[in-house]
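Residue numbers (the working numbering), protein chains in the order written: chain A, 32 to 78; chain B, 465 to 1035. No residue lacks a Cβ here, since even glycine has one placed at the ideal position from N, Cα and C. Down below is the structure, laid out as structure tokens.
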């Protein structure tokens, strides 16, 4: 079995709104920060 | 359980397993058998990665953690999104470029045979133990609560998973995981909805959260720098990062899941799917446990959730003492319920002073209830009862059996078994693959046909399945079960991770230096585990740091080594 060409995979995400993998990782990192902030807010409100 | 529950449970489990076997009944080559369907998309990969990590323990024991300790356990997963980003950016491209079957093959190419074998050996050792726990943990809880025989529960569920994993290989594992995860989420969401409907009519969701918060169950994030505290933001971020990096980056049961599929893109998105969803998923499961806790503030819970241990105690010497403690517990519960109602009434009429007073009194009564429960446990242990698992593991299943309608009970029990089978299948698949590729193919029979290796892989999968069954049948575990799995992982993962980090990032360290460094670091982790009392998550960091440091020192003592070829290290 042959795998696809890695270089094209490395660069293009082929996902709408995300041109590069760096933007995908930033989105994931942002969602992590958002979750932590929400959990801190939840802890503060109800503790 | 009613007939309807049994139909839902047995029907769904057998149907999914049979479908998996039927869809993969054609002859497969080694690549298909070990890596699965080459056309797999990112969603399927993401689901497979999620189902592999989320075992039955996740869904039985985590709500119990929420009930006992609140939301704090969610911090354990804070390092995971960052670890998955690093794996997607650095580890994955390397694995795919080299087109390896196992992560340890990469170690062989970067270092040497002995380091590859050490990596494979550490994986087989820790995953072999964990595979036993994966099957034992749900079996002990379900058999205790449902009155089934423990050995039969282990053997029947174990045999089913061995059957379809051996026959269909990686493709059957991924295929069945998809439907098993659907059953799991269907069950958990249904339980959540029914639980909300069962809260007292005057109690809004906000009120429920206020009660949980007032009784110290809503502290999701704790920035305390105390190393002895098991779950803090820092231990979750750093320890959790190393744990997740090791588990997802170097544990073959996960590597095998995301190396299947069409391309690097699909594998990366499969991992990012988990990076985004894991924290909310764990939060949701813990919140379920917290709401079960609130539910039991208005509905008297059993003084001890492990019904079998309680019954055993009553039939022995301490019956009188246990009955007296049960009475005290009932009185404390009644008092606590009244105080909580007064506290909420004060809150609703805006009387802050009365609210604070009633809340403090409720907290005090909760402490008294907890101390009665501790005394019950001490009495049962002294009486020789089999209270080897944490009582909080029995909380959620007790709630399910006592308070959910028939049909839904069957769905929830099916969800627990689905989770057990899905993670177990991936483990067996990985254990079989590593034994075939890293040991058998490399050391015993180098140039056999593809068909020969497929058959060998099936035999090794069967062998590991039987080892896990034997371990589960003779296991006798302490600690909360989800912690037991994480502790086993944390003791080994740090060193295994260091092997990979040095392989990827430290060009000047060679095979001999890292091999001896790994042995020394693993010894130190074992010793520290038995003499220190710190959060187990830190052992991931300690093992990793020690191995990297020793590797550098030993290499400096040995003198420079020939640097590896370009594709084998991160640029």
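Between residue i and residue j, is the Cβ-Cβ spacing less than 8 Å?
i              : j              : result
residue 833/B  : residue 528/B  : no
residue 494/B  : residue 918/B  : yes
residue 989/B  : residue 978/B  : no
residue 532/B  : residue 882/B  : no
residue 606/B  : residue 880/B  : yes
residue 677/B  : residue 526/B  : no
residue 55/A   : residue 49/A   : yes
residue 59/A   : residue 511/B  : no
residue 601/B  : residue 614/B  : no
residue 983/B  : residue 630/B  : no
residue 968/B  : residue 558/B  : yes
residue 578/B  : residue 975/B  : yes
residue 710/B  : residue 1004/B : yes
residue 586/B  : residue 956/B  : yes
residue 535/B  : residue 684/B  : yes
residue 746/B  : residue 1012/B : no
residue 640/B  : residue 484/B  : yes
residue 750/B  : residue 583/B  : no
residue 566/B  : residue 884/B  : no
residue 1024/B : residue 971/B  : no
residue 922/B  : residue 723/B  : no
Helix, strand or coil for residue i, going by three-state DSSP, please let me know.
i             : result
residue 684/B : coil
residue 943/B : Here residue 943/B scores only 48 on pLDDT, less than 50, and its place in the model should not be relied on; the value that follows carries that caveat. DSSP places residue 943/B in coil when its eight states are reduced to three.
residue 934/B : helix
residue 962/B : helix
residue 575/B : coil
residue 518/B : coil
residue 46/A  : strand
residue 557/B : helix
residue 656/B : helix
residue 77/A  : helix
residue 675/B : helix
residue 769/B : coil
residue 65/A  : helix
residue 782/B : coil
residue 523/B : helix
residue 834/B : helix
residue 891/B : helix
residue 878/B : helix
residue 996/B : coil
residue 35/A  : Only weak support exists for where residue 35/A lies, its pLDDT of 48 falling under 50; the value from the coordinates is given anyway. Three-state DSSP puts residue 35/A in coil, outside helix and strand.
residue 568/B : helix
Write down the C-beta distance between residue i and residue j rounded to the nearest angstrom, noting that I regard them as a contact closer than 8 Å.
i              : j             : result
residue 1007/B : residue 953/B : The Cβ separation is near 11 Å, so there is no contact.
residue 568/B  : residue 847/B : Not a contact, Cβ separation roughly 47 Å.
residue 1014/B : residue 596/B : With 8 Å as the limit, residue 1014/B and residue 596/B do not qualify as a contact, their Cβ atoms being about 31 Å apart.
residue 551/B  : residue 735/B : 6 Å
residue 963/B  : residue 571/B : 6 Å
residue 875/B  : residue 472/B : 5 Å
residue 878/B  : residue 651/B : 7 Å
residue 562/B  : residue 573/B : 6 Å
residue 729/B  : residue 44/A  : 7 Å
residue 766/B  : residue 774/B : 7 Å
residue 999/B  : residue 590/B : With a Cβ gap of about 19 Å, residue 999/B and residue 590/B do not count as contacting.
For residue i, is the beta carbon positioned less than 7 Å from some heavy atom of the ligand HEM?
i             : result
residue 562/B : This structure lacks the ligand HEM; in fact it carries no ligand of any kind.
When the Cβ atoms of the region 527–542 of chain B are set against those of the region 693–709 of chain B, are three or more pairs found closer than 8 Å?
-> Touching, per the Cβ criterion.
Examine the Cβ distances between the region 713–721 of chain B and the region 891–901 of chain B and report whether three or more of them are shorter than 8 Å.
-> Under the Cβ criterion (8 Å, minimum of three pairs), the region 713–721 of chain B counts as touching the region 891–901 of chain B.
Three or more C-beta pairs closer than 8 Å, one from the region 883–890 of chain B and one from the region 510–527 of chain B: is that the case here?
-> With a cut-off of 8 Å, the region 510–527 of chain B and the region 883–890 of chain B count as touching, because enough Cβ pairs lie within range.
Give the residues from the region 483–509 of chain B that approach chain A closer than 8 Å (Cβ to any Cβ), ordered along the chain.
-> Of all residues in the region 483–509 of chain B, 495 and 502 have a Cβ within less than 8 Å of some Cβ in chain A.
Scan the region 835–847 of chain B for residues whose Cβ lies nearer than 8 Å to a Cβ of chain A and list them as they occur along the chain.
-> If the cut-off is 8 Å between Cβ atoms, the region 835–847 of chain B has nothing near chain A.
Three CB pairs or more closer than 8 Å across the region 671–685 of chain B and the region 750–763 of chain B = Three or more Cβ pairs drawn from the region 671–685 of chain B and the region 750–763 of chain B lie within less than 8 Å of each other, which places the two stretches in contact.
For the 8 Å Cβ check, are there 3 or more pairs between the region 489–505 of chain B and the region 629–648 of chain B?
-> The region 489–505 of chain B, when compared against the region 629–648 of chain B, does touch it at the 8 Å Cβ threshold.
Determine which residues of the region 739–765 of chain B have a Cβ less than 8 Å from any Cβ of chain A, and write them out in chain order.
-> So the close ones are 739, 740, 743, 744 and 747.
How about the region 728–744 of chain B and the region 804–819 of chain B: do they share at least three Cβ pairs that are nearer than 8 Å?
-> Result no; under three Cβ-Cβ pairs closer than 8 Å.
Decide if the region 922–934 of chain B is in contact with the region 616–630 of chain B; the criterion is three or more beta carbon pairs, one per stretch, under 8 Å apart.
-> Yes, the region 922–934 of chain B touches the region 616–630 of chain B.
Can we say the region 824–843 of chain B touches the region 774–792 of chain B, given the rule of at least three CB pairs closer than 8 Å?
-> Judged by Cβ distances under 8 Å, the region 824–843 of chain B makes contact with the region 774–792 of chain B, as three or more pairs qualify.
Can you give me, in chain order, the residues of the region 700–732 of chain B that have a beta carbon less than 8 Å from any beta carbon in chain E?
-> No chain E appears in the structure shown, which is made up of the protein chains A and B.
Are there three or more Cβ pairs, one per stretch, closer than 8 Å when the region 479–492 of chain B is compared with the region 859–869 of chain B?
-> For the pair of segments examined, the region 479–492 of chain B was found not to touch the region 859–869 of chain B: the number of CB pairs separated by less than 8 Å stays below three.
Taking any Cβ of chain A, which residues in the region 537–570 of chain B have a Cβ under 8 Å from it, in chain order?
-> Per Cβ criterion, the list reads 538, 542, 545, 546, 548, 549, 552, 553, 557, 560, 561 and 563.
What are the residues of the region 61–76 of chain A that lie near chain B, defined by any Cβ-Cβ distance shorter than 8 Å?
-> Of all residues in the region 61–76 of chain A, only 62, 63, 66, 67, 70, 71, 73, 74 and 76 come within less than 8 Å of chain B when Cβ atoms are compared, listed by chain position.
Could you run through the region 647–677 of chain B and flag, in chain order, every residue whose CB is less than 8 Å away from some CB of chain A?
-> 673, 674, 676 and 677: these are the residues of the region 647–677 of chain B whose beta carbon lies less than 8 Å from some beta carbon of chain A, given in chain order.
Relative to chain A, which residues along the region 678–690 of chain B have a C-beta separation below 7 Å, given in chain order?
-> Residues are counted here when their Cβ sits less than 7 Å from a Cβ of chain A; for the region 678–690 of chain B these are 682, 683, 684 and 685, given in chain order.
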